[in-house]
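S.K.: Note that UniProt numbering has the sequence shown beginning at 1, numbered continuously upward.
This structure is in structure tokens; I'll ask about it shortly.
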Amino acid sequence: MIILLNISTNIIVKAETIDKNSQNFSLSREKKENLYSQKPSKKLPPCANSDCDCKDFKTQVEAQQVLNAFSGDPHRLDRDKDGVACEHLP
Numbered sequence: 001m002i003i004l005l006n007i008s009t010n011i012i013v014k015a016e017t018i019d020k021n022s023q024n025f026s027l028s029r030e031k032k033e034n035l036y037s038q039k040p041s042k043k044l045p046p047c048a049n050s051d052c053d054c055k056d057f058k059t060q061v062e063a064q065q066v067l068n069a070f071s072g073d074p075h076r077l078d079r080d081k082d083g084v085a086c087e088h089l090p
């Protein structure tokens, strides 16, 4: 299990369980920019370099392109974790 905590605008704290049968976990910190360091092959909207929300897209297809471009869904476009971004969009 991995939990990401945004403790500031530039730092993400990641808590990972060490053993599923215990409550021990390890913490690591990384700069938020590292989440966006991938270079997508298709042109993405400007929000892809900072933080996209479903309201930033006109269609589900546009949102899906951003979801597919970044591993781990850093923009939280797939709330129910089924692989489909912003399902309510046309």
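For glycine and all other residues, C-beta sits at the position ideal for the given N, C-alpha and C.
It should be emphasised that the depicted structure is a prediction, and the values quoted were computed from it without experimental measurement.
(1) Please list the terminal residues of the continuous alpha helix (DSSP H) segment that includes residue 62.
(2) Just to check my reading of the structure: residue 89 and residue 63 have Cβ atoms closer than 8 Å, yes? What is that Cβ distance to the nearest angstrom?
(3) Rounded to whole angstroms, what is the Cα-Cα separation between residue 68 and residue 55?
(4) Is residue 86 closer than 7 Å to residue 66 when the C-beta atoms are compared?
M.R.: Quick answer:
(1) 60-69
(2) About 6 Å separates the two Cβ atoms, so the contact holds.
(3) Rounded to the nearest angstrom, the two C-alpha atoms are 17 Å apart.
(4) Note that the C-beta distance between residue 66 and residue 86 is not below 7 Å.
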